[in-house]
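Enquirer: One structure is given below, represented as structure tokens, and several questions about it will come after.
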Amino acid sequence: MAARRDVQAQRHILIIDDNVEIQNVFRRVLEYEGFAVTSAQSGAEGIARLHEHTFALVIVDLMLPDILGYEVARALRNDPATAGVPIAAFTVRTSYE
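For the sequence shown, UniProt numbering begins at 1 and goes up steadily by one.
Rendered as structure tokens:
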């Protein structure tokens with residue numbers, strides 16, 4: 001059973017982004033390539049999801065409504081259970097300040 005869970009984890013990606021449209025873009029591409037995708041709309045929800053499943057990769061928006069993506073990454077690195085999970089960070093700016 002553990003071997004099956006490891007194989008599933010190799011194909012399971014977590015997307016943490018508050019923008020559902022962006023989540024859906026990632027989801028469509030990743031599912032087309034054969035990955036299972038789980039989404040979270042906040043940093044806190046994403047961190048909670050990481051304790052429910054094992055993921056091969058976490059894709060996180062740097063500008064989340066509750067905590068910054070940097071803080072999510074720091075929380076993952078500080079937790080021995082998630083410290084080895086690769087993280088890809090991004091942000092989408094629609095305006096300049």
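All C-beta atoms in this analysis are idealised placements derived from N, C-alpha and C, irrespective of residue type, glycine included.
What did DSSP end up calling I47 once you bin it into helix, strand or coil?
Expert: As a first step, residue 47 must be located in the sequence shown, where it is residue number 47. Helix at I47.
Enquirer: For R5, count neighbouring C-beta atoms within 10 Å of its own C-beta (all shown protein chains included) and say buried if the count is 16 or more, exposed if not.
Expert: For the purposes of this step, residue 5 is taken as residue 5 along the sequence shown, with counting starting at 1. In this predicted model, R5 has a pLDDT of only 48, less than 50, meaning its place in the structure is not dependable; the value taken from the coordinates is given anyway. Burial call: exposed.
Enquirer: By how many angstroms is the C-alpha of G84 removed from the C-alpha of N24?
Expert: Walking along the sequence shown from the start, residue 24 turns up at place 24. Walking along the sequence shown from the start, residue 84 turns up at place 84. Going from the Cα of N24 to the Cα of G84 covers about 26 Å.
Enquirer: Note the first and the last residue of the continuous beta strand (DSSP E) segment covering I16.
Expert: For the purposes of this step, residue 16 is taken as residue 16 along the sequence shown, with counting starting at 1. Start and end: 12–16.
Enquirer: Output yes or no for whether 8 Å exceeds the beta carbon distance between E71 and G43.
Expert: Stepping through the sequence shown from its first residue, residue 71 is reached at position 71. Stepping through the sequence shown from its first residue, residue 43 is reached at position 43. Contact flag set, yes.
Enquirer: Drop a sphere of 10 angstroms on the beta-carbon of D17, count the other beta-carbons inside from all chains shown, and report buried for 16 or more, exposed for fewer.
Expert: Indexing the sequence shown from 1 puts residue 17 at position 17. Its Cβ being crowded by 16 or more others within 10 Å, D17 is buried.
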